[in-house]
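Enquirer: Here it is, the structure in full.
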Amino acid sequence: MEIPGLIDLQVNGFKGVDFSGAHLSEEDVVRTCDKLLDAGTTAFLATLITSPTEIYERNLPLIAKAARTAECQGRLLGIHLEGPFLSPIEGARGAHNPAWMSAPSIEYLDRLIAWADGTVKMLTVAGDLDGVEELIRHAAKQGIVVSLGHHMANEDQLKRCAAAGAKALTHLGNGVGAMLPRHDNPIWAGLANDDLVATIIPDGHHLPPSLLKTILRAKSPANCIAVSDASELAGLAPGRYQSMGAEVVLDPTGRLYNPATGYMAGSSATLLACMNHLASLNLVTYRELVSMAFDNPLRLLGIDRRHIRRDKVVLYDQRRRLFTV
């Protein structure tokens, strides 16, 4: 069985290239398109985490220009801004630097959109910030898919954000406080909200199998999207690195974390590796696996599959439950 690759809505970088990095070049972006294709990711959103304003001003136009090159057209589908409108609360902020965060600001968002020259396709915001509903409405009017994450939003806040135009939950089960209220917390509320699809990181480190099973049962595979959350260190050897303004450790198991806080610092996995881990758990069918990594992300972005290039295909061995390029 074959499909025209996998679609990843959250790629922060790959093999030493950081889309939020101060030294990113257009050539880096183009090379990353090719390297991701070799790893089974046919198309993706280049994801910028919470960054200083000067990084946005520098990198957004650069990525937008690369997206229009012949090499990246039909592969680099646009930009996902994961920040800067996130919660600074410990735990919820994850590895994002609170010094670079911003309260919801339409003026600031419009500057980001302008620098990206119309290529911002997805925006992750915290659902519990004052003024976030107005920001969501404004972004949705620009055709941007708004997703909710890195927050401690409760059931009522998620409902109001969905009513304002939010469509998704960013890496459900991660980016929340270490200590949660027993019932009214962002995980339970996200599971129960039928208006929000869930992205999940099935890399074997971000979510235990029991929570993956719970999310898939509560939301259904039709309303779940697998993402890699790949960092610049994905594809590199284990070791200690500088990333996201701090020292991080990539251990031999593939877990990537900040040793000072213990928090995850993104993923070292490709989406192909994530899908093979998910397939190994035997929680969903082949057809559901394909939906979660191909059909569902395209549907969320409103992109017809005919617009995706078929430079390579991903094969699936049903007997071994294994995806290969």
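At position 48 of the sequence shown (counting the first as 1) the number is 48 in full-length UniProt numbering, and the numbers step up by one without a gap.
No residue lacks a Cβ here, since even glycine has one placed at the ideal position from N, Cα and C.
1. Provide the residue span of the beta strand (DSSP E) that contains residue 49, from first to last.
2. Which residues does DSSP pair with residue 316 in a beta bridge?
3. Taking residue 194 as the reference, which of 183, 166 and 178 has the closest Cα?
4. Determine, using beta carbons only, whether residue 117 comes closer than 8 Å to chain D.
5. Compare the C-alpha of residue 71 against each of 35, 170, 131 and 139 and name the closest.
6. Determine the burial state of residue 121: buried for a count of at least 16 other Cβ atoms within 10 Å of its Cβ, exposed for fewer.
7. For residue 263, name the three-state secondary structure that DSSP assigns.
8. Are residue 267 and residue 293 close, meaning C-beta to C-beta below 8 Å?
9. By a C-beta neighbour count over all protein chains shown, 10 Å radius and 16 as the cutoff for buried, is residue 1 buried or exposed?
10. How is residue 85 classed by DSSP in three states: helix, strand or coil?
11. Please go through the same chain and pick out, in chain order, the residues whose beta-carbon is closer than 6 Å to the beta-carbon of residue 164, but skip the five residues on each side of it.
12. Relative to the C-alpha of residue 140, which residue among 300, 304 and 319 is closest?
13. Is the Cβ-Cβ distance between residue 248 and residue 3 less than 8 Å?
14. For residue 233, which option in 216, 225, 144 and 252 has the closest C-alpha, if you only look at C-alpha atoms?
15. Between 212, 285, 98 and 85, which lies nearest to residue 128 when the distance is taken from Cα to Cα?
16. Using three-state DSSP, classify residue 15 as helix, strand or coil.
17. Distance, Cα to Cα, residue 56 vs residue 319?
18. According to DSSP, simplified to helix, strand and coil, what is residue 187?
19. What three-state label does DSSP hand residue 242 in the structure shown?
20. Quick check: the segment 202–213 against the segment 266–282, are at least 3 beta-carbon pairs closer than 8 Å?
Expert: Result, derived from the coordinates:
1. Translated into the one-based positions of the sequence shown, residue 49 becomes position 49. Element bounds for residue 49: 41–49.
2. Counted from its first residue, the sequence shown places residue 316 at position 316. Looking at the DSSP assignment, residue 316 forms a beta bridge with 323.
3. If you number the sequence shown from 1, residue 194 lands on position 194. When each option's Cα is compared against that of residue 194, the closest is 166.
4. In the displayed structure, chain D is absent; only one protein chain is listed.
5. Within the sequence shown, the letter at position 71 stands for residue 71. Here the closest residue by C-alpha is 35.
6. Residue mapping note: residue 121 aligns to position 121 of the sequence shown, counting from 1. Buried: at least 16 other Cβ atoms inside 10 Å.
7. Within the sequence shown, numbered from 1, the residue matching residue 263 stands at position 263. Coil, per DSSP.
8. Stepping through the sequence shown from its first residue, residue 267 is reached at position 267. Stepping through the sequence shown from its first residue, residue 293 is reached at position 293. Contact: no.
9. Your numbering for residue 1 matches position 1 in the sequence shown. Residue 1 is exposed by the Cβ-count criterion.
10. Position 85 of the sequence shown, counted from the start, is the residue given in the question as residue 85. In the displayed model, residue 85 falls within coil according to three-state DSSP, outside both helix and strand.
11. Translated into positions along the sequence shown, residue 164 becomes position 164. So the list reads 133, 136 and 137, once near-sequence residues are dropped.
12. One-based indexing of the sequence shown puts residue 140 at position 140. Considering only alpha carbons, the answer is 300.
13. Against the sequence shown, residue 248 aligns to sequence position 248. Against the sequence shown, residue 3 aligns to sequence position 3. Going by C-beta atoms, residue 248 is not nearer than 8 Å to residue 3.
14. Here residue 233 corresponds to residue number 233 of the sequence shown, with the count starting at 1. The residue with the shortest Cα to Cα distance from residue 233 is 252.
15. In the sequence shown, the residue the question calls residue 128 occupies position 128. Comparing Cα positions, the closest option is 85.
16. In the sequence shown, the residue the question calls residue 15 occupies position 15. Here residue 15 carries a coil assignment [DSSP, helix/strand/coil].
17. Along the sequence shown, one-based indexing puts residue 56 at 56. Along the sequence shown, one-based indexing puts residue 319 at 319. Their Cα atoms are separated by approximately 46 Å.
18. For the purposes of this step, residue 187 is taken as residue 187 along the sequence shown, with counting starting at 1. In the structure shown, residue 187 sits in a helix (DSSP, three-state: H, G or I).
19. Position 242 of the sequence shown holds residue 242. Note: residue 242 maps to strand in three-state DSSP.
20. Yes, since at least three Cβ pairs between the segment 266–282 and the segment 202–213 fall closer than 8 Å, the two stretches touch.
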